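Residue numbers for the sequence shown follow this note's numbering, so the first one is -13 and each next one is one higher. Here a beta-carbon is modelled for each residue, glycine too, at the ideal position from N, C-alpha and C. In this text the structure is predicted, and so the values were computed from the model without any measurement. Working notes, structure below.
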Amino acid sequence: DTALKWLEQAAKQGLAKAQEMISVIIEIDYEQLPLETLFTLAEIGNKQAQYVVGLKYYQGTEVRKDIDMALKWLDQAAEQDVIKAQDLIVLIYQQTIISESV
């Protein structure tokens, strides 16, 4: 917990190695991170955090379901080549097209 706080502080200051280490933690088990930490990391540009925040908005997990907010965060992650974010964006648009055609 203390180590994570130090990493978060270092990431906020723009230290690339701290950003990389946090990305690995998020990929392994993002559930261990507090939502507030994920939001902070997403706001400073951490691509894995952006993906997870977008996923949470898409699923309505820990936040109110909001597709527009999901797409906002997923787009940012996708622009940084997060494949899972790109795939989820495609899925969201496919679901939108299907629901509009019914």
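For this session: For the alpha helix (DSSP H) holding residue -9, just list the boundary residues, first then last.
Result: -12 to -2
For this session: Would you tell me roughly how many angstroms separate the C-alpha atoms of residue -2 and residue -9, rounded to the nearest one?
Result: 11 Å
For this session: Would you mind reading off the limits of the alpha helix (DSSP H) that contains residue 39?
Result: 33 to 45
For this session: Check residue 52 in the structure and name its three-state DSSP category.
Result: coil
For this session: Give the range of the alpha helix (DSSP H) segment to which residue 15 is assigned.
Result: 2 to 15
Exercise. Would the stretch 56 to 64 and the stretch 16 to 24 be scored as touching if the rule is three or more Cβ pairs under 8 Å?
Worked result: no
Exercise. Any idea what DSSP makes of residue 67, helix, strand or coil?
Worked result: coil
Exercise. Near residue -7, which residues of its chain fall below 7 Å by C-beta distance, leaving aside the five closest residues on each side in sequence?
Worked result: 4, 7, 8
For this session: Determine the contact status of residue 13 and residue -5, defining contact as a CB-CB distance below 8 Å.
Result: no
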